[in-house]
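Counting with the numbering used here, you get residues 49 to 555 for the letters of the sequence shown. So the structure is just underneath, and the comments pick up after that.
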Amino acid sequence: MKIAAVFGSVGPYLPKEYVERMCQAQVVHQWHSVEVFKVSGGAIGIVRTSERYGAIPMFFKSRDGNLLAISGVPTKLGQLKAFLYQIVEMNTAEAFQALTEIDGAYAAVFWHEKEKTALLVPDFMGFQPVYYHRAHKGVAYASEIKAFSVAGIVPVKPDPAGWGAFVVFGHTVGEHTQLAGVSRLRGERIFYDPENNNLTKERYWNWPQKQVNITYDNVPIEPIVNCLRSDIDAYKEYGVENSTLLMSSGLDSRLLLCILDEKKIPIKSFSVQQPAHFFGAEGKLGQKVAKQFGINDAKLSLPFTGFEEELASMQYLIMNDVASPGLSLFISKVAGHIFTLTGSIWEGWAPGNIATQFTCKSIDDYLRSKWKRSERIWGGAENIFTLDFLKQMQRSIDERLQAEIGLCGNDDFGIKRFFLKNRALNRTTPNPLKVYSNTVIPFMPGLSKEIWNNSLRLPPYQLSRQKTLSLRIFKDVYPKAMELPFCNEQGLYMVNSTFGGVNLHPQ
């Protein structure tokens with residue numbers, strides 16, 4: 049489900065008129081449907097999408113006229129449905145707290161009719177994309193950026209900080225989007241009182257304290273695996289009968305395969321070849337491993353070509369609000385195939401990002417390695433933007449980066465925080481949570497507070513680029529998964545018998 053809401057006044061039209069336009073702007077498939085609900089302080093709209101495959105509703109209305117609308121895929125260890133029915137009957141303060149006690153990726157809009165107050169509560173990290181515009185006398189929320197401009201809430205005006213970051217990193221940095229006047233929430237919850245035009249925004253989750261005496265080499269792995277197991281159990285409440293694992297030849301999808309197999313959850317698998325990448329080894333190995341684990345329906349597809357490829361790429365760009373340079377990315381080709389699926393998909397984003405380590409000790413070194421100041425990069429931008437705006441972009445990204453460094457810190461923990469709050473939230477999580485979710489429900493084990501509270505206290509720095517934690521899990525818990533090679537950007541490799549070691553050699 050996607051959401052849109054306006055409280056107070058954001059322009060010359062009534063809130064319901066704006067919300068209707070915002071919802072229509074977020075429709076992708078013909079089977080998507082729109083409903084808009086007027087409340088005394090504004091309006092809330094929903095776009096019904098892939099939640100139709102699940103047993104848990106994402107919209108609730110109380111006896112007294114309270115409304116609760118949720119985008120994303122929240123979880124609560126098998127108790128979610130009952131909990132959401134309870135929340136819609138709560139007062140504002142109770143709902144404000146209760147909505148922070150959910151796991152998974154979600155963004156919830158709540159209106160209390162008697163108290164005339166509105167809430168927007170995202171998940172603790174801000175995994176689920178949700179955006180807002182603060183007007184002089186009101187506020188607007190939506191699941192997609194384009195909803196604000198299509199509805200006429202903001203003009204089509206580029207944000208120099210958003211586009212500056214896009215040129216440098218291939219994604220936005222901080223709260224800025226590419227559309228001026230529209231910001232992304234990154235885990236902050238918002239309280240709004242339309243009568244007094246009073247808005248407060250606050251974080252409700254704090255990053256865990258550093259713990260330098262425990263590392264990826266010695267942290268107990270069983271609690272981390274148990275968190276992933278619990279997350280998978282929580283998704284069972286959705287009751288989706290038709291589930292597909294997106295299967296590559298990397299560490300992350302293979303780990304999910306192991307746990308799903310362990311829990312005897314029936315799944316299909318789907319792999320896409322990348323012919324230019326080691327002769328399609330990634331997709332072929334993904335299918336082979338799936339069959340090794342007894343998946344009979346293990347599909348392998350070639351990427352689209354010609355007109356179908358162009359169409360899939362354009363659809364991908366539209367659905368992710370041009371959040372990444374998708375025309376050249378293989379992910380747009382994967383997304384094109386996902387449009388043909390039904391039910392749910394299992395996606396391995398979280399395990400890989402939990403295990404990500406960095407070879408830089410300071411965020412300054414990390415940014416120097418990523419920041420492309422070359423004339424070629426900015427020269428290309430000169431063909432698109434005016435010289436004055438280009439200077440604004442360069443100045444704005446400098447200012448934005450300094451602000452982010454101040455927020456994140458300058459050590460290796462700061463690198464991890466910067467990586468998650470910027471690249472992860474603005475470039476990679478939108479793929480399952482904003483693109484795939486138009487068609488299927490994205491199940492992403494590893495989005496609970498517990499697993500991140502445990503993993504984010506570990507020092508992210510290490511000399512090599514090995515994912516030590518993932519390799520330890522395979523060696524100690526799922527050794528069967530090591531029998532076939534893996535494939536990454538460097539090529540094929542086997543995990544050897546040495547603790548946490550990797551040998552790279554041709555197969």
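For every residue, glycine included, the Cβ atom is placed at its ideal position computed from N, Cα and C. These figures come from a predicted structure and were not determined experimentally.
CA-CA distance, residue i and residue j?
i: K194; j: P533; result: 42 Å
i: K205; j: Q226; result: 8 Å
i: M49; j: P323; result: 35 Å
i: G334; j: S392; result: 19 Å
i: N536; j: L303; result: 15 Å
i: I238; j: W255; result: 19 Å
i: R111; j: K129; result: 17 Å
i: T516; j: K523; result: 11 Å
i: N559; j: V488; result: As displayed, the chain neither begins before 49 nor continues past 555, which places residue 559 out of reach and without an answer.
i: N274; j: F172; result: 20 Å
i: A103; j: L359; result: 32 Å
i: D151; j: P122; result: 6 Å
i: Y101; j: M530; result: 34 Å
i: T476; j: D241; result: 34 Å
i: E137; j: W159; result: 11 Å
i: S485; j: V337; result: 26 Å
i: A346; j: K316; result: 6 Å
i: V567; j: M106; result: Missing from the structure shown is residue 567; the chain here goes from 49 to 555 and no further.
i: E452; j: G235; result: 15 Å
i: V483; j: F387; result: 9 Å
i: V550; j: L511; result: Here V550 scores only 39 on pLDDT, less than 50, and its place in the model should not be relied on; the value that follows carries that caveat. Straight-line Cα distance between these residues: approximately 14 Å.
By Cβ distance, which residues of its chain are closer than 6 Å to residue i, with the 5 residues on each side in sequence left out?
i: A188; result: V54, V58, H181 and I201
i: W394; result: L293, L304 and F491
i: Y264; result: L506, T516 and L517
i: P478; result: P177, N368 and A371
i: Y283; result: F491
i: R126; result: Sequence inspection shows Gly at residue 126; the Arg mentioned does not correspond to that position. Within the same chain, G126 has close Cβ partners E285.
i: Y526; result: C306
i: K124; result: F131 and I150
If I measure Cβ to Cβ from residue i and keep anything under 7 Å in the same chain, skipping five residues before and after, which residues do I get?
i: P271; result: N502
i: R448; result: A209, A213, V221, G222 and H224
i: Q257; result: R505
i: I521; result: I269, V273 and L303
i: L616; result: Since the displayed the chain opens at 49 and closes at 555, residue 616 lies outside it and no answer follows.
i: V267; result: L506
Check each candidate in the options and name the one with the smallest Cα separation from residue i.
i: G90; options: V136, V157, L455 and E223; result: V157
i: E142; options: G229, T123, R520 and L167; result: L167
i: K64; options: K86, C71 and G212; result: K86
i: V95; options: F327, S119 and S88; result: S119
i: W253; options: Y526, V525, K497 and K528; result: K497
i: P399; options: Y283, D279, G229 and P351; result: D279
i: W211; options: E236, I425, V67 and P508; result: I425
i: G218; options: A429, E452 and G331; result: A429
i: A155; options: S417, A190 and L348; result: A190
i: D207; options: N139, F437, C456 and P527; result: F437
i: W500; options: T404, L435 and K528; result: T404
i: S297; options: S380, G396 and T353; result: G396
i: V84; options: L455, S98 and I51; result: I51
i: P314; options: C306, Y414 and Q321; result: C306
i: S197; options: T407, M70 and L495; result: M70
Specify, as a first and last residue, the run of the alpha helix (DSSP H) that residue i falls within.
i: R501; result: Checking the sequence shown, residue 501 turns out to be Asn, not Arg. Residues K497 to S503.
i: H385; result: F378 to I386
i: N401; result: W397 to I402
i: L233; result: Here L233 belongs to no alpha helix (DSSP H), and DSSP marks it neither H nor E.
i: P63; result: P63 to A73
i: F271; result: What sits at residue 271 in the sequence shown is Pro, not Phe. Counting along the chain, the alpha helix (DSSP H) containing P271 begins and ends at E270 to Y283.
i: R306; result: Note on residue identity: the sequence assigns Cys, not Arg, to residue 306. From DSSP, the alpha helix (DSSP H) with C306 extends over L299 to E310.
i: G462; result: D460 to F466
i: V337; result: A329 to Q340
i: Y189; result: Element bounds for Y189: not the alpha helix (DSSP H) but the beta strand (DSSP E), K185 to A190.
i: A52; result: Element bounds for A52: not the alpha helix (DSSP H) but the beta strand (DSSP E), K50 to S57.
i: L449; result: L435 to C456
Among the residues of its own chain, which have a CB less than 8 Å from the CB of residue i, if the five just before and after it don't count?
i: D309; result: F341 and G342
i: I262; result: R505 and L506
i: E356; result: G384
i: G457; result: I411 and R465
Taking the beta strand (DSSP E) that residue i falls in, what are its first and last residues?
i: F90; result: At residue 90 the sequence reads Gly, which differs from the Phe that was named. Where G90 is concerned, the enclosing beta strand (DSSP E) stretches over G90 to R96.
i: V204; result: It is not in any beta strand (DSSP E) - V204 carries neither H nor E in the DSSP assignment.
i: A346; result: A346 to S349
i: V288; result: It is not in any beta strand (DSSP E) - V288 carries neither H nor E in the DSSP assignment.
i: L247; result: N246 to R251
i: A117; result: L115 to T123
i: Y179; result: Y179 to R182
With a threshold of 8 Å between beta carbons, is residue i in contact with chain D?
i: V483; result: The structure shown contains no chain D; it is built from a single protein chain.
Beta carbon of residue i: closer than 7 Å to some heavy atom of the ligand PLP?
i: K418; result: Judged by which ligands are present, the structure shown has none, so any question about the ligand PLP falls away.
Evaluate contact between the region 146 to 156 and the region 426 to 442, counting only Cβ atoms and requiring at least three cross-stretch pairs below 8 Å. Touching, no.
State whether the region 456 to 473 contacts the region 68 to 82, with contact taken as three or more CB pairs (one from each stretch) at a distance under 8 Å. no
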